[in-house]
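Below: the structure, in structure tokens.
Protein chains in written order, with this note's numbering: chain A, 16 to 134; chain B, 11 to 865; chain C, 223 to 542.
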């Protein structure tokens with residue numbers, strides 16, 4: 016697997032990878048802070064748990080959005096300069112996957128604005 | 011993407027075909043000879059995917075029937091309140107075995123078995139890349155599974171539920187061997203599943219028809235690829251879980267005992283991190299089958315191929331974010347639960363995509379209402395309902411009511427029977443013509459479908475209500491007057507309707523299924539994919555080159571040209587069994603893989619592996635260890651015949667393509683398998699580190715517990731030096747073993763030997779340091795966790811040492827040089843992994859408690 | 223006694239999530255109804271579409287056979303629906319099972335296969351223990367702290383809200399307010415071994431005054447036997463060693479292993495919600511536990527003569 020292909024796969028799956036990282040962080044941090052009673056730390060009027068979730072969500076959203084834009088741009092380029100069928104396929108899949116990931120990542124941020132931190 | 015009503019014809023010039031006619035005399039005979047199946051008693055040494063695949067499917071189906079019978083007994087017991095048809099003791103074994111057998115001995119093996127049969131055919135590969143590994147996986151499962159099931163006849167079956175929650179399953183509350191049967195029996199069936207998954211990943215990525223690039227891969231192959239990756243990620247969690255629980259039971263290491271710092275919830279995390287993806291692990295292959303059947307039945311290409319592939323991949327990812335939804339009632343913070351609610355709702359989207367893709371495909375073609383079609387329509391009906399109740403239980407507050415009630419029994423049977431059993435029946439009716447001289451009966455098939463479809467709904471639809479009006483799961487009886495009587499009676503009647511449907515199916519199989527390796531019933535459905543090409547033991551006569559996803563529709567002369575030997579590799583280049591290895595993305599020919607034929611080694615290795623685990627269960631430790639050694643011996647005997655080296659110069663496979671018959675490095679198929687194995691090992695280790703951190707989290711102020719001293723810095727530092735040193739020696743040996751001149755320097759075995767000493771020393775020093783510091787594995791969960799990390803590391807070191815010895819033996823036998831070095835490469839990769847894991851373990855054991863300062 | 227005057231709820235309704243008797247249970251019920259109706263509509267729609275795709279004439283259904291169907295039906299539609307459902311579910315989660323200030327505290331421990339119930343001291347009210355029954359006042363928030371003594375159990379009163387697991391080494395809390403007086407039934411919802419099926423308890427929701435009466439009487443020591451027959455039962459109870467496992471406050475029976483029997487006669491059922499409580503069932507229980515509930519920790523006392531058995535059962539029944 017060449018480096019170009021590796022990069023391509025990362026671009027195609029990037030949104031879901033961003034979700035996986037976001038998920039690991041928000042679940043891990045919530046469990047640790049609540050489990051150890053460290054959740055009372057407040058910053059800017061928000062609890063540490065909420066802040067972590069919001070930051071992780073925004074970062075993951077930004078990452079997925081950037082990947083989506085890159086995929087879209089590459090797709091447009093390929094329309095002008097036909098690439099191999101595999102390349103086109105990976106790119107178009109990337110557009111779909113990164114687009115769907117945006118929604119999924121956003122959903123994982125919603126609890127932060129509804130629920131209390133550790134109840 | 012509007013599909014044409016009829017397959018468009020694809021014009022192709024005669025001259026473009028890679029191999030000219032007539033084919034040389036004796037070419038076809040040589041091919042047939044190489045792939046001849048063994049006869050007589052040695053028949054069981056066959057490794058052909060078509061043979062092993064069928065035995066595998068047949069055995070899985072046997073377990074379906076057996077576990078189904080257990081369910082019927084339970085339904086009789088529950089038909090009326092306060093019934094005493096079976097005792098509580100037997101009932102608890104029945105429901106445990108029903109779940110365990112259906113999940114571990116039927117569902118996963120069945121989909122894996124089907125792919126052993128179908129995958130190579132669908133990709134026009136001659137066989138899977140490691141045929142003996144599939145044979146091994148099958149025999150281990152066959153022997154182990156039957157013995158495991160046999161425990162029900164002697165009252166020794168596990169009775170703690172298929173989820174085996176401690177402390178109920180720990181020594182204190184389950185002192186008998188019943189629980190050990192589950193832990194050891196299931197433990198090695200998981201290993202068999204992982205062996206299959208490695209095979210499938212390499213098979214999908216490396217052995218395809220020429221030109222079958224990723225965008226032309228059959229959806230089924232995609233599904234199996236995602237399936238196998240999910241096994242590789244998910245199964246290690248349960249393997250580790252069973253290891254920890256068995257260590258607790260055998261040696262009293264308190265991972266799950268609350269009084270000594272353990273936590274029962276750790277098991278639930280490990281179990282469900284495997285257990286939820288497991289549901290999708292058996293569902294995805296089934297959707298892959300449906301995505302093959304629907305286009306054939308509607309005679310039109312699948313609508314939304316890319317969206318379906320997206321759905322498969324997204325399901326694979328998201329399904330790992332669901333596990334806590336089985337733990338909604340465990341009292342975790344609501345915030346934590348909500349993430350799993352979100353992921354559980356999200357995973358509904360990909361399922362929706364697939365359902366609408368099939369509807370769109372049906373609408374764009376002309377659906378013939380054959381038996382496979384009926385099962386697909388039944389699947390869509392049942393699965394949609396199960397999926398919708400799935401979204402309901404994804405909402406934690408609703409689940410607080412529904413959890414562990416009959417509502418969940420209804421939900422899970424809708425998704426599993428709808429999502430897996432119906433597609434499997436569709437698949438059997440659809441693909442039997444490939445494997446049999448005759449197709450199954452359409453008339454009987456309608457009866458099978460009708461009885462099963464009605465039966466499933468009659469059985470499980472009422473259970474939604476039964477659950478919401480308060481009936482909990484896993485009860486051997488229930489009181490009179492709760493309003494559950496009539497509903498339960500209806501469910502029992504439905505269960506017998508399903509059984510009647512299965513009985514008609516068995517009759518149909520007995521009447522019409524006649525095994526065929528050459529003269530099968532043929533392309534009776536006018537399907538478009540490669541498994542419908544004319545077949546023999548050697549699979550297809552030549553390896554086709556494809557230009558679309560439905561080659562048989564788009565290249566009308568394909569079957570004849572393939573059969574005439576006009577495509578690639580129409581004979582055998584080395585005189586033995588071969589497969590064509592292609593590049594993972596674009597499927598360009600890379601090399602000819604020499605694959606092993608029939609042999610007793612995998613059968614014997616499997617029997618001894620099974621014996622090792624089963625005898626260990628009944629505490630015949632000595633005999634068990636002998637069997638373990640024999641199993642390792644058989645594996646080494648089997649491996650000895652592999653890594654043949656470049657037995658001949660590069661060969662012409664047609665069309666001017668000349669490729670080698672032996673390669674090493676990242677292009678090699680076993681390199682890929684080794685990488686996958688390292689991922690599996692890495693996941694086991696990751697789960698162990700997670701367990702360590704989890705136990706830290708539940709033990710505030712006791713990490714390490716009072717009175718426990720950490721070993722001095724000097725010891726882990728020394729271990730680190732030795733680990734790194736052994737890796738450097740191996741790297742040096744690899745460097746010396748380069749060049750086209752087939753050199754084989756004497757320093758190589760010496761370096762390997764020295765590296766073995768360093769490796770053994772590194773782990774021994776760490777073990778000794780903990781022991782000297784007075785750490786006890788059974789006093790507190792801290793010690794248990796530390797010794798678990800050490801034990802895992804020592805297991806890997808021992809394995810690496812065996813590989814080192816084996817590599818030295820290859821050198822001594824003159825079977826290792828700078829060209830023929832696959833054996834060395836595999837050992838090297840594993841060596842690096844072991845060193846890496848050792849270093850990470852040291853960092854964790856010695857670094858983490860210092861970092862947190864005992865907090 | 224007043225306990226028997228409480229109107230018993232409808233037969234099928236004592237253990238039903240579809241017959242809510244408290245605010246939180248109503249919220250969960252509403253969520254259930256909303257989702258059931260929604261799921262049914264979607265199910266009918268998808269099935270109709272499927273049948274249309276199969277049976278409609280090809281030219282009529284052609285519009286359905288495109289990628290657009292997937293994008294709208296499989297992608298956009300679920301995303302919209304779920305984007306509405308998820309926040310609704312989270313809000314219900316936020317608003318149910320919330321600890322309230324001034325709540326009545328009750329501690330319940332799950333054991334194989336019964337429930338140890340403790341009412342801690344509150345104000346002038348002394349603490350006391352009972353078993354296999356939960357008596358609560360109407361309208362006052364309740365917090366039940368649950369844990370387990372041996373294996374994992376799960377505490378579930380369908381009419382009053384969701385379930386909460388009882389896990390050794392952990393204390394979980396379940397908060398609810400009962401809003402309708404009556405008799406309900408709770409059960410163990412996590413498989414806990416041989417007699418998981420026979421592990422239930424009675425839940426009685428009383429008017430606050432009735433509850434206070436009950437609570438005060440429970441805190442009293444056991445009544446002295448009023449007649450010789452019962453005194454004989456007490457002596458047999460003592461001689462048989464029953465007190466090494468069972469507590470009868472006010473006597474020397476101070477065992478901690480099994481249920482507190484100080485007021486066992488006042489309970490509605492015996493055997494963890496299994497049988498009506500009367501002299502006959504009590505006698506049967508003592509003589510035949512291992513036939514009735516095999517696997518329970520109490521041995522059968524089958525060697526007692528019929529008369530001794532009646533005396534002992536009579537004594538227990540008199541412990542109101």
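We put the CB at the ideal spot given by N, CA and C, even for glycine.
Predicted model, so just to flag it, every value in this text is computed and none were measured.
Asked: Buried or exposed (CB count within 10 angstroms, at least 16 for buried), residue 231 of chain B; Found: buried
Asked: Unbroken beta strand (DSSP E) run spanning residue 427 of chain B, endpoints; Found: Looking at the DSSP string, residue 427 of chain B is not in any beta strand (DSSP E), and its letter there is neither H nor E.
Asked: Where residue 534 of chain B falls: helix, strand or coil (DSSP); Found: coil
Asked: Reduced DSSP secondary structure (H/G/I, E/B, other) of residue 332 of chain C; Found: strand
Asked: Opening and closing residue of the alpha helix (DSSP H) in which residue 409 of chain B lies; Found: 406-412
Asked: Residues near residue 461 of chain B by beta carbon distance below 8 Å, same chain, minus five either side; Found: 507, 508, 510, 511, 514
Asked: Residues in the region 274-289 of chain B having any Cβ partner in chain A nearer than 8 Å; Found: none
Asked: Assigned exposure category for residue 539 of chain C - 16 Cβ within 10 Å defines buried; Found: buried
Asked: DSSP beta-bridge partners of residue 662 of chain B; Found: B/668
Asked: Cβ neighbours of residue 829 of chain B in the same chain (closer than 6 Å, five flanking residues each side left out); Found: 752
Asked: Option in B/72, B/346, B/375, B/437 with minimal Cα separation from residue 384 of chain B; Found: B/437
Asked: Same chain, Cβ closer than 7 Å to residue 65 of chain A, neighbours up to 5 away in sequence not counted; Found: 127, 132
Asked: First and last residue of the uninterrupted alpha helix (DSSP H) at residue 806 of chain B; Found: 791-822
Asked: Nonlocal neighbours in the same chain, by C-beta distance under 6 Å from residue 433 of chain C, ignoring five residues either side; Found: 359
Asked: According to DSSP, residues forming a beta bridge with residue 507 of chain B; Found: Partner(s): none; residue 507 of chain B has no beta bridge.
Asked: Segment limits, beta strand (DSSP E) that includes residue 688 of chain B; Found: No beta strand (DSSP E) contains residue 688 of chain B, which is instead part of the alpha helix (DSSP H) from 679-707.
Asked: Coarse secondary structure for residue 485 of chain C, derived from DSSP in three states; Found: coil
Asked: Distance between beta carbons of residue 306 of chain B and residue 538 of chain B, contact taken as under 8 Å; Found: 7 Å
Asked: Ranges of the alpha helix (DSSP H) found wholly within the region 451-511 of chain B, counting only runs of at least 4; Found: 452-478
Asked: Limits of the unbroken alpha helix (DSSP H) element including residue 788 of chain B; Found: Careful: residue 788 of chain B lies outside any alpha helix (DSSP H) and carries neither H nor E.
Asked: Supposed close pair residue 46 of chain A, residue 757 of chain B - CB separation, criterion 8 Å; Found: Residue 46 of chain A to residue 757 of chain B, Cβ: 51 Å. No contact.
Asked: The region 108-127 of chain A: positions lying closer than 7 Å to chain C by Cβ; Found: 118, 122, 125, 126
Asked: Beta-carbon proximity of residue 366 of chain C to residue 415 of chain C, cut-off 8 Å; Found: no
Asked: Rounded straight-line distance, which links the Cα of residue 542 of chain B to that of residue 580 of chain B; Found: 18 Å
Asked: Residue 3 of chain B versus residue 389 of chain B - alpha carbon distance; Found: Nothing can be reported for residue 3 of chain B: it is not among the residues displayed for chain B, which extend from 11 to 865.
Asked: Chain-order list of residues whose beta-carbon lies under 6 Å from that of residue 560 of chain B (same chain, five-residue window excluded); Found: 311, 538
Asked: Distance cut-off 7 Å: residue 91 of chain B Cβ against heavy atoms of the ligand NAP; Found: As presented, the structure is devoid of all ligands, the ligand NAP included, so that no description of it is given.
Asked: Segments assigned beta strand (DSSP E), at least 3 residues, entirely inside the region 540-622 of chain B; Found: 588-592, 599-604
Asked: Residue-chain proximity (residue 316 of chain B, chain E), Cβ-Cβ < 8 Å; Found: Note that chain E does not occur in the displayed structure, where the protein chains are A, B and C.
Asked: Chain-ordered residues of the region 293-317 of chain C with a beta carbon less than 9 Å from chain A; Found: 297, 301, 304, 305, 308, 309, 312, 313, 315, 316
Asked: Residue 225 of chain C to residue 471 of chain C span [Cα, whole Å]; Found: For residue 225 of chain C, the predicted structure reports a pLDDT of 35, less than 50, and the residue's modelled location is therefore unreliable. A value from the coordinates is still provided. Roughly 22 Å between the two C-alpha positions.
Asked: Any chain B beta carbon closer than 8 Å to residue 257 of chain C; Found: yes
Asked: Short-range partners of chain C found in the region 70-99 of chain A, where Cβ spacing is below 8 Å; Found: none
Asked: Residue 410 of chain C, DSSP secondary structure in three states; Found: strand
Asked: DSSP state of residue 79 of chain B mapped onto helix, strand, coil; Found: helix
Asked: Buried versus exposed call for residue 209 of chain B [16 or more other C-beta atoms within 10 Å across all chains shown]; Found: buried
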